[in-house]
Amino acid sequence: MLPLVWILIVAAVVGANTETTEDDGDVDITQHPYVVSIRRNGRHMCSGAIIDESHIVTSDRCVPPFKHIWNVMNDIVVVSGTNTLKPGGVRTFVKELFSQNHHANPLENNVTSGLGVLKLVRPLQFDKKTQPIPLSQTEVPQDADIKMVSWMVADHEGKKTAHLKQVTLTKVNSKECQTFHEKELSTSEFCTEAKPESNYCKVRKLKLY
């Protein structure tokens, strides 16, 4: 387990604009070498985390629910070893896509994890900028600090950045969280809110993970 904090990868963020602003909050990829950018047709689609040299975990929303997906494989790549959505990093094409949560009506779906997995055409080469994520064996305790890592995080002025960002969140009470969600939360789901001093996610908004 990572010391002191838990890591949360924000997966479902789309529509990156590489002309967006930069600031002093940019995160060095060596601090979070397991974070990758999932891109389709050259555009950032989602963030993901390296499980091992051949697999990436992301949100199921980032796995297209197509009956025949072979025609899109050449359009989807994983870019590792970089903290920017601008040119750089190592591009690896995706071989297969998996999701356990494609359902016509999400409220009726008994699958709660919402995970998607991408299998790569060739193994990643690990170095200081590319590493698998260390997984915790313990539950996230109440009021724990969690580091949210992602691209395209908007600040309080609504500006987005093409560089990797880190935001400190706090896990909130499940009963409070439940009042914001129609579907009953499972034991594997929880909500967070941003720290008051954060430049990002200034508005108090409960997020479900």
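Under the working numbering, think of the first position of the sequence shown as 70, with each following residue one higher. Here a beta-carbon is modelled for each residue, glycine too, at the ideal position from N, C-alpha and C.
If the five residues before and after G158 are omitted, its C-beta is found closer than 7 Å to the C-beta atoms of V148, S149, G150 and T151, all from its own chain and listed in chain order.
If you draw a straight line from the Cα of A263 to the Cα of V209, it comes to about 16 Å.
Ranked by Cα distance from H124, the options T199, T153, V96 and L154 are led by T199.
Secondary structure of I98 (DSSP, three-state): helix.
Cα atoms of N242 and C131: separation of roughly 28 Å, rounded to the nearest angstrom. When the Cα atoms are used, S168 and D212 turn out to be separated by approximately 30 Å. Partner residues in the beta bridge of A118, as assigned by DSSP, are V104 and V126.
D95 and D214 have their C-alpha atoms spaced approximately 19 Å apart.
The C-beta distance from I119 to L184 rounds to 14 Å, too long to meet the 8 Å contact threshold. Under a 10 Å Cβ-count criterion, L154 is classified as buried, with 16 or more other Cβ atoms of the shown protein chains found around its own Cβ. From the listed residues Q206, W220 and E165, the smallest Cα separation to K229 is found for W220.
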